[in-house]
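Chemist: For the sequence shown, the working numbering gives the first residue as 3, with consecutive numbering after it.
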Amino acid sequence: MSAKPTLPKAILMDVDTGVDDALAIILAHRWPGAQIVAIGTVTGNVSAAQAATNTLKTLDALGADTPVAVGASQALARAPFPPSAIHGVDGLGDAGLPAPARAPTGEHAVDQLLRLVHKRPGELSLFASGPLTNLGLALQRDPELPGLVKEVMVMGGAIVAAGNVTPVAEANIYHDPEAAALVFAADWPVTLVALDVTMRALLRSEELARLRASERPLARFVTRILPPYVAVYSQRFGFEAVTMHDPLAMALLLDPSLTLERAALDMRVETSGEMTVGMTVADRRALIGPGFDQPTHPLDIPLEVDTPRFIAMVMDALLE
Ligand code: RIB
Ligand code: CA
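(1) Report the partner residues of S127 according to the DSSP bridge assignment.
(2) Report all residues from its chain with a CB closer than 7 angstroms to the CB of H120; omit the five preceding and five following residues, and keep chain order.
(3) Run through the DSSP bridge pairs and tell me what Q37 is partnered with.
(4) Measure from the alpha carbon of V185 to the alpha carbon of each residue in Y231, L213, L137 and A211, then state which is nearest.
(5) Among the residues of its own chain, which have a CB less than 7 angstroms from the CB of D308, if the five just before and after it don't count?
(6) Report buried or exposed for A105, applying the criterion of at least 16 other Cβ atoms within 10 angstroms of its Cβ.
(7) Rounded to whole angstroms, what's the CA-CA distance from S4 to I313? Just pull it up for me.
(8) What do you get for L14, buried or exposed, if any count of 16 or more other CB atoms within 10 angstroms of its CB means buried?
(9) Less than 7 angstroms separating the Cβ of A173 from some heavy atom of ligand 1?
(10) Which complete alpha helix (DSSP H) runs does the segment 231-287 hold, if anything under 4 residues is left out?
(11) For V21, does the three-state DSSP call read helix, strand or coil?
(12) Could you please give the first and the last residue of the uninterrupted beta strand (DSSP E) stretch that includes I303?
(13) Assuming T193 is part of the beta strand (DSSP E), what are its boundary residues?
(14) Return the first residue and the last residue of the beta strand (DSSP E) that R206 is part of.
(15) Confirm, please, whether the CB-CB distance from S131 to K152 is below 8 angstroms.
(16) Among V17, K11, T43 and P10, whose alpha-carbon lies nearest the alpha-carbon of D248?
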């Protein structure tokens, strides 16, 4: 890739793969200096087991042997929810890809997470692009966890943007609000990459055409898995485009200089509202002036990102 080298990052991913999760995996794998140590899966876009299959297929496309562990199949305190077909029924575009060459490890994703952070205290960056159930379970199991992790990057929530499951709730938070509340309350540095920035991070017709025209193996893989996801977002927007939620969160982890404007805000998650379950409630009063209560346990929230440079980064990862 032509991107500038950055500090080495050892990343533990937690995903509900998903087309955009697959793109986040590809981005991290192709980034100089980044190492995906292991991947856990969670029920979200598809079941945790299907997400593991999809993750392994993505790793096959990359020629990578990263371990994959299946995690939580149900939210901490909620009944199972029906899968969404936004990413295709199988979560990876119903592309008829061959079965993965490997199987999941057999370890539970929460056990994998705890084992690895204890083995490498302070070294690992956690990246979560699905419901936060595995992270919530890990926090319940091990109170030492927050002190063992370098940073936590989460794709989820909506600060002032509209939700994408309900008028105010984003999918990853909505599907396990109790787990999200635990993750946001824990004493570790969390960056929350919300719909406010991801809904502006689009691959449009021009980029999609370049991918379709390419013979590069990763471009071909992505071109196969994208169509249902592109169809859903193109219908929503009224023009051909697809949203890069999870890749943007990964990009901001890999290259923090992509964030042009950020806020440090206290954040709570609605777990009981009649119309607002899963809403991320940021205390934006702190932005008005110093006379308002200032944050006591803020999350780092990107408000403006260098979208053109991010899109170039995605295209480089797929075409170079
Ligand atoms: O709201 C967008 C998020 O929900 C993304 O992580 C997508 O993969 C789905 O899980
Ligand atoms: Ca996801």
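In this text, a Cβ means the ideal position worked out from N, Cα and C, and glycines have one as well.
Modeler: Per the coordinate set shown:
(1) One-based indexing of the sequence shown puts residue 127 at position 125. For S127, which the question treats as bridged, DSSP gives the partners I13 and E153.
(2) Within the sequence shown, residue 120 is the residue found at index 118, counting from 1. Around H120: L150.
(3) To locate residue 37, count along the sequence shown from 1; it is residue 35. Answer is A12, bridged to Q37.
(4) For the purposes of this step, residue 185 is taken as the residue at position 183 of the sequence shown. Of the candidates Y231, L213, L137 and A211, the one whose C-alpha sits nearest the C-alpha of V185 is L137.
(5) Along the sequence shown, one-based indexing puts residue 308 at 306. Excluding residues within five positions, the ones whose Cβ falls inside 7 angstroms are L260 and L262.
(6) Within the sequence shown, residue 105 is the residue found at index 103, counting from 1. With fewer than 16 other Cβ atoms within 10 Å, it is exposed.
(7) For the purposes of this step, residue 4 is taken as the residue at position 2 of the sequence shown. For the purposes of this step, residue 313 is taken as the residue at position 311 of the sequence shown. Low confidence applies to S4: its pLDDT is 46, below 50, so where it sits in the model is not reliable, and the reading given next is rough at best. Distance between the alpha carbons of S4 and I313 is about 13 angstroms.
(8) Taking the sequence shown and counting its residues from 1, one reaches residue 14 at position 12. Flag for L14 reads buried.
(9) Numbered from its first residue, the sequence shown carries residue 173 at position 171. Within the cutoff, so yes.
(10) 247-256
(11) Taking the sequence shown and counting its residues from 1, the one referred to as residue 21 is at position 19. Three-state DSSP puts V21 in a helix.
(12) Against the sequence shown, residue 303 aligns to sequence position 301. Counting along the chain, the beta strand (DSSP E) containing I303 begins and ends at L301 to V307.
(13) In the sequence shown, residue 193 corresponds to position 191, counting from 1. Segment V192 to V195, the beta strand (DSSP E) holding T193.
(14) Here residue 206 is taken as the residue at index 204 of the sequence shown, counted from 1. Note, R206: beta strand (DSSP E), L204 to R206.
(15) Residue mapping note: residue 152 aligns to position 150 of the sequence shown, counting from 1. Residue mapping note: residue 131 aligns to position 129 of the sequence shown, counting from 1. No, the Cβ-Cβ distance between K152 and S131 is not below 8 angstroms.
(16) Residue numbering aside, residue 248 sits at position 246 when the sequence shown is read from its first letter. Closest option to D248, Cα to Cα, is V17.
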